[in-house]
Amino acid sequence: MHNNIHMINIKNAFVLSALVVAATAPGAAAQELSFDALYKNTGLINMFPAAAPGVPKVRETAEKNAAGAAQELAYEDLLVAPLWKAVPGAAAAVDLKEGFSPARYQGNRNVCSVFATLGLAEYLLLRKEKVNVDLSEEFLYYNAKLKFTDSPGLQAYKKEQGLVGYVAVEALTGGVVAEKEWPFLAVLPQHVPVPPLTDPDMGVPPAGISGKTLQYSFAPQAVRRSEIKHFLAAERKPVVMNLMLYFGNIDNASGRVKDPSESQRARCFSAGDNCSGHVVLLTGYDPAAREYYFRNSWGANWGRAGFGTVSEKYVVENCESCHFLPQLGSLGWRAVALNAAYGWSAELE
């Protein structure tokens, strides 16, 4: 029905009707796990040390959150863009959805991250330049994978489906092109991917497409999850966010995403059961309800004209890589996990 998400072997493959998870027995040490291996084998998640027996679930979650927060602060030097400094004070109500064109549909393709990112870019262009432009998702997906996934932790993306949100935002610095230059296809025709990008979701680029970039310059910004509500109010710019979604918790009619139970979280990270990552664009905050509004990429008929809601607690505790934050020091792909745990916005220069 809907699709596209990211992380845990389900790498950006969010298909509510059918989700296939590889089941491979772990066979290596729990240190320096590679990004490539983890994304292909949810069984490797079992290699992380379990919580001590007898620790109550609520306490376990609280301790993991505290440990994860400490690890994030310790490794913030690995962020690929400047970190936004929060403005002191209570969070104010903000709703930016009037600044968007109708929500789009990503089809049966694992490209949610570029839809969220171009929603951000188009919003910035309309707000600052008064330019209403439709930008090409196909180009951003292609250019991000071609030029922004060369580091060891990201090279798997050259052959695997999906793309983490922060890399899509970072790829804005490599340029954008108009939708008319490379129109998006909800379903790709049969084709042979062109190396080095052998991802089956990668289209064949039109001749000369890299020479058709528009003259806009974007500067990415990282935002701590706990400070996104302040960022939205102070900067009035949306935020790209990787979340872990639990399929039974999504109300397609209202767009409401409910918080997961402890048992859901446990099944997700032990077997990849009924969960997958997804990239959305946070567009507002309600301090009374303590929830965020977000723009999705499942079409204007999903939720409320393509928009949904998710609790602040969900965003803070259920980012796609949040589960791994307490182990950042032992991860070979710690930079990926860290950056994926932050919100991402940009400045139009």
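Here the sequence shown is numbered in my numbering, starting from 35 and rising by one per residue.
Every residue, glycine too, gets a C-beta built ideally from N, C-alpha and C.
Treat the numbers as computed from the prediction; the structure is a model and nothing was measured.
Here the segment 145-160 does not lie against the segment 223-234, with fewer than 3 beta-carbon pairs under 8 Å apart.
Sixteen is the threshold: when 16 or more other Cβ atoms of the shown chains lie within 10 Å of the Cβ of V291, as they do, the residue is buried.
Within the model, the alpha-carbon separation for L197 versus K179 is close to 8 Å. In the three-state scheme derived from DSSP, where H, G and I count as helix and E and B as strand, A380 is classed as strand.
When C-beta atoms of the segment 331-343 are compared with those of the segment 263-271, fewer than three pairs fall below 8 Å, so the two segments do not count as touching. Per DSSP, L158 is one residue of the alpha helix (DSSP H) stretching across 146-158. Collapsing the DSSP output to three states places T317 in a strand.
Of the residues assessed, S304 falls on the exposed side of the cut-off, its CB having fewer than 16 other CB atoms within 10 angstroms. The way I'd put it, the segment 118-126 doesn't touch the segment 158-175; fewer than three beta-carbon pairs between them come closer than 8 Å. A202 counts as buried, since no fewer than 16 other beta carbons sit within 10 angstroms of its beta carbon.
Distances from the CA of K347 to each of E213, D320, G337 were compared; the closest alpha carbon is that of D320. Going by DSSP, Y326 is part of no alpha helix (DSSP H) but of the beta strand (DSSP E) stretching over 325-329.
With contacts defined as CB atoms closer than 7 Å, L315 and V274 qualify as a contacting pair.
Taking a cut-off of 8 Å on C-beta distances, the segment 235-253 touches the segment 169-179, as three or more cross pairs fall below it.
Distance from the Cα of K181 is smallest, within the candidate group L206, E194, K164, Q195, for L206.
Under DSSP, no beta-bridge partner is assigned to G196. Ranked by how close their Cα comes to the Cα of E215, the residues I243, Q189, L188, D307 have I243 in first place. Residue pairing from DSSP places L117 in a beta bridge opposite A256. A distance below 7 Å between beta-carbons, with the five flanking residues on each side excluded, links R324 to the following residues of its chain, in chain order: S345, E346. Distance check between A137 and each of A287, A253, S331 places S331 closest, using alpha-carbon atoms only. Taken in chain order, the complete alpha helix (DSSP H) segments of 4 residues or longer contained in the segment 333-370 are 346-351.
With fewer than 16 other Cβ atoms from the protein chains shown falling within 10 Å of its own Cβ, N166 counts as exposed.
In this structure, DSSP gives R143 a state outside helix and strand, which the three-state scheme calls coil. For Y280, there is no enclosing alpha helix (DSSP H); the enclosing beta strand (DSSP E) has its first and last residue at 273-280. Less than 7 Å separates the beta-carbon of L362 from that of R368. Minimum Cα-Cα distance from Q195 among the listed residues S170, F218, C146 corresponds to C146. Closest in alpha carbon position to V121, among K263, G282, F328, is K263. A212 is bridged by DSSP to L169. If you draw a straight line from the Cα of E110 to the Cα of L372, it is about 8 Å long. Beta-bridge partners assigned by DSSP to I284: V291. S297 sits in a helix when the DSSP states are folded into three classes. Within a 10 Å sphere around the beta-carbon of E296 sit fewer than 16 other beta-carbons, which makes this residue exposed. Between L130 and A256 the beta-carbon gap is near 19 Å, outside 8 Å, which marks them as no contact.
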